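Participant:
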Amino acid sequence: MKKQLTEGQFHEAVKGLKVGEQTLEIARGVLVEGRQQAEFVALLGLSRGAVSQAVD
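Laid out in structure tokens, this is it:
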């Protein structure tokens, strides 16, 4: 099952978290915008594990 959140749900979920902007960008892209994790691997030059960790 694909995880999908509204922008409001995402904002509430990350409120108060101490994470970097890149992590938030990846998480929002995947969870709100429905983009593929592989897109961020290629775009940012990160490992699949690093991108997956930002989303989980």
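When you line the sequence shown up against my numbering, it's residues 28 to 83, in that order.
Note that beta-carbon positions come from the ideal geometry of N, C-alpha and C, so glycine has one too.
All values derive from a computational prediction rather than experimental measurement.
1. Would you mind sorting residue 71 into buried or exposed? The rule is 16 or more other CB atoms within 10 Å of its CB.
2. Could you give the DSSP three-state label for residue 80: helix, strand or coil?
3. Rounding to the nearest angstrom, what Cα-Cα distance links residue 58 and residue 31 in this structure?
4. Closer than 8 Å by C-beta to residue 37: which residues in its own chain qualify, once you throw out the five before and the five after it? Chain order, please.
5. Can you tell which of 68, 61 and 75 has its C-alpha closest to the C-alpha of residue 34?
Facilitator: Short version:
1. The residue is exposed, with fewer than 16 neighbouring Cβ atoms inside 10 Å.
2. In the three-state scheme derived from DSSP, where H, G and I count as helix and E and B as strand, residue 80 is classed as helix.
3. Their Cα atoms are separated by approximately 5 Å.
4. Shown here for residue 37: same chain residues with a beta carbon closer than 8 Å to its own, the five before and five after excluded, namely 54, 55, 58 and 59 in chain order.
5. Minimum Cα distance to residue 34 is reached at 61.
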